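Residues in the sequence shown are numbered from 0 upward in steps of one, following numbering that gives the first Met the number 0. Ideal Cβ placement from N, Cα and C applies to all residues, glycine included. Predicted model, so just to flag it, every value in this text is computed and none were measured. Structure record follows, encoded as C-alpha cells.
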Amino acid sequence: MKNRFISALLLAVTFCLGEMHSQDISKLVYTEDTTFSSEGVRELRFRFRNLNFFRDNEYKGSLVKGYTLPGLWVLPTVSYQPLKTLKIEAGAYMLRYWGESKYPNTYYANLPGYESGDTQSAFHAVPFFRVHYAPLPGVSLVLGNIYGRNNHGLISPLYNKEMVMTSDPEAGVQFLWNTRHFNLDMWVNWESFIFQGDSQQEEFTFGVSSRIKANSPSLKDNSVHFYVPLQLLFKHQGGEINTSATERGVKTWLNAAAGFGLDIKMPFRNFTKLNIEADAAYYAQQKGSVFPFDNGYGFYGKAVADLKSFRLHAGYWQCHDFVSLMGDPLFGAVSMSNRNLVYNNPKTAFLSLEYSHQIGKGFALGVHADVYNTFAADTECTSAGEDGNPVTVYSSVPNSISFLAGIYLRTDFSFLIKRF
Numbered sequence: 000m001k002n003r004f005i006s007a008l009l010l011a012v013t014f015c016l017g018e019m020h021s022q023d024i025s026k027l028v029y030t031e032d033t034t035f036s037s038e039g040v041r042e043l044r045f046r047f048r049n050l051n052f053f054r055d056n057e058y059k060g061s062l063v064k065g066y067t068l069p070g071l072w073v074l075p076t077v078s079y080q081p082l083k084t085l086k087i088e089a090g091a092y093m094l095r096y097w098g099e100s101k102y103p104n105t106y107y108a109n110l111p112g113y114e115s116g117d118t119q120s121a122f123h124a125v126p127f128f129r130v131h132y133a134p135l136p137g138v139s140l141v142l143g144n145i146y147g148r149n150n151h152g153l154i155s156p157l158y159n160k161e162m163v164m165t166s167d168p169e170a171g172v173q174f175l176w177n178t179r180h181f182n183l184d185m186w187v188n189w190e191s192f193i194f195q196g197d198s199q200q201e202e203f204t205f206g207v208s209s210r211i212k213a214n215s216p217s218l219k220d221n222s223v224h225f226y227v228p229l230q231l232l233f234k235h236q237g238g239e240i241n242t243s244a245t246e247r248g249v250k251t252w253l254n255a256a257a258g259f260g261l262d263i264k265m266p267f268r269n270f271t272k273l274n275i276e277a278d279a280a281y282y283a284q285q286k287g288s289v290f291p292f293d294n295g296y297g298f299y300g301k302a303v304a305d306l307k308s309f310r311l312h313a314g315y316w317q318c319h320d321f322v323s324l325m326g327d328p329l330f331g332a333v334s335m336s337n338r339n340l341v342y343n344n345p346k347t348a349f350l351s352l353e354y355s356h357q358i359g360k361g362f363a364l365g366v367h368a369d370v371y372n373t374f375a376a377d378t379e380c381t382s383a384g385e386d387g388n389p390v391t392v393y394s395s396v397p398n399s400i401s402f403l404a405g406i407y408l409r410t411d412f413s414f415l416i417k418r419f
C-alpha cells in the first residue's frame, strides 16, 4: 500500500511539472553554493536554509533493512562580511523526523544502529559556525562547519547522498581550489572530540575529492568534455587520552576511487546531454579487525541522460571484499542488517529517474524513483558455536529488487539586516 501511494504521488507531481525544464537535482537539492560576492562587504544578513523530505527505502534482500525518512531540517544563520575575502556565519542546525520526539545527542550518520544514552527533545540540534576565507580567485579556506556531505561530489559506493537527511553538518577544516583544468576539495571532518579520561574514542574523517579536466566543462565550448575523478576517504578511530574507554584499539579504514568520465553534447531537442563515467574503487582496513576483510575492490559504471524534463541514471556495480564506509549500503559486501553475513562478489544494477525544478529564487523541488537489482550471490555467515569457536555457514541469497523514492523541497534565501 505504501509503495503504491508513493508511486502515485511521484507520478502526479511529475505529470503536473513535466513541461517545465528540469535541472540537476544534486545542485538544486543536495548541495550548497560555495561562493560569496565581494559586493556584500560590511553587510549583516539573515539566511534561512531548509530541506523538507519524504524518502522511502524499500530495501529487499539481506544487505540492509528498509526504512522511511519523513521530516525536515532547518538552518537559520546570521552572517557578516567584514572584507571582500572574508565571511563569518553563525546559527543552529535543527533536524526533525515526523513521529519522533527524542534524538541522540551525538553525531550520527545512519539511523539504524545508533547508540547514545543522552537525548534531545523536539529537534536534534547542533550549533553552526563557519569562517570562509577566499584570498585568491578559486581558492578558499573554510574553518568550522565546512561545505560537506554531497558537496564533496563522491561516487555512491563512497558516499550515500541520503546523508544530507541523516547526518550533522560536517565540521573541521576545508581547502577548496578550483581552476579551469583542476578542482580540489580537501577536508577533515572531526566527528568525535574527547577529553582526558573520556570513555569514547576520537573519530575523524579525512577526504580528498578532485577532478582533472582535459578541456572546458562547458558544452557550449566543446561537444565533448573529458575528465578524470580522483577520490579518497580515510576514517580513523582512536585517541591516546581516553584511558577509561572500554575499547581503545586504533582503527583506520580507507576508501578510494579513480576513473574517467565524458560529458557529451547530444544533437537532439529532447536529449541534450549524456554523461558516462567508470570508476575503480578500493577498500583497506589498515588497523583493527572490525570488518572481516582487510582489502577489497570494486567497479562502478554509470550513464546519465538528460531527457527534456527528466534525468535518467543507469549503472552497474560489482565488488570483491569491499566495505563501503560511508556509501550506499547496497554497494558493499558486508550486510548492514547482519554484520556476520558477507556476500561473495556481489553485483548490483540500478535505474533511476529524477526530476528537479527551481520554483523561484531560493526555492527548488526534487523528485526521484530508483530501482536496484541485487543479483543472486553466495554468502557466508560466521558466528560463535556452542564451544565458543567460530562456525561458518555457507549459503546463497536469491535475486532481490529494491525500490527507493523521494520528494524534496529545498529553501535557501537571505535578506539584508543592516549595512555598516
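Under the three-state reduction of DSSP output, I416 falls in the strand class. With respect to the 9 Å criterion, Y296 and Y315 are not classified as neighbours on the basis of their beta carbons. Linking T105 to D117 through their CA atoms gives a straight-line distance of about 8 Å.
A straight-line Cα-Cα distance of about 21 Å links F362 and L68.
Positions of the beta strand (DSSP E) runs, each at least 3 residues long and wholly inside the stretch 230–268, are given as 250–264 in order along the chain. Here Q173 is near V187, since their CB atoms are less than 9 Å apart. Across the structure, E169 and G206 are spaced so that their CA atoms are roughly 12 Å apart. Around the Cβ of E201, a 10 Å sphere holds 16 or more other Cβ atoms; the residue is buried. When DSSP states are grouped into helix, strand and coil, E161 belongs to the helix group. According to the DSSP secondary-structure assignment, S217 is paired through a beta bridge with no residue. By the CB criterion at 9 Å, L183 and S217 fall outside the cutoff. Taking a contact as a CB-CB distance under 8 Å, the pair A376 and N343 counts as one, their CB atoms being some 6 Å apart.
Using a 10 angstroms sphere on the CB of G387, the tally of other CB atoms stays under 16, which defines it as exposed.
Using a 10 angstroms sphere on the CB of K86, the tally of other CB atoms reaches 16 or more, which defines it as buried.
Taking a cut-off of 8 Å for Cβ pairs, the stretch 127–140 and the stretch 303–310 do not touch, as fewer than three such pairs fall below it. G314: member of the beta strand (DSSP E) spanning 309–319, first to last residue. For S399 and I193, the gap between their C-alpha atoms comes out near 42 Å. In terms of CA proximity to H319, P291 leads the group K219, P291, Y393.
Scanning its chain for C-beta atoms nearer than 6 Å, with the 5 sequence neighbours on each side dropped, one finds around I24 the residues E353, S355, G365, in chain order. In this structure, I240 is the residue among G171, I240, F225, Y226 with its C-alpha nearest to the C-alpha of Q195. Remark: three or more beta-carbon pairs, one from each stretch, lie closer than 8 Å, so the stretch 252–262 and the stretch 320–328 are flagged as touching. Checking the DSSP bridge columns, you'll see I406 partnered with F53, V366. Here the alpha carbon of V390 sits roughly 23 Å from the alpha carbon of Q284.
Taking T34 as reference, the option from N337, I406, N150, A332 with the minimal CA-CA separation is N150. Within the DSSP bridge table, the entry for I211 names F181, V227 as partners. Cβ-Cβ distances below 7 Å link G143 to F128, R129, V130, A170 in the same chain, with the five nearest sequence neighbours on each side left out; the list follows chain order. Counting along the chain, H131 sits inside the beta strand (DSSP E) bounded by residues 123–135. At a Cβ-Cβ threshold of 9 Å, R44 and Y92 do not count as neighbours. Note that the C-beta distance between A383 and S351 is not below 9 Å.
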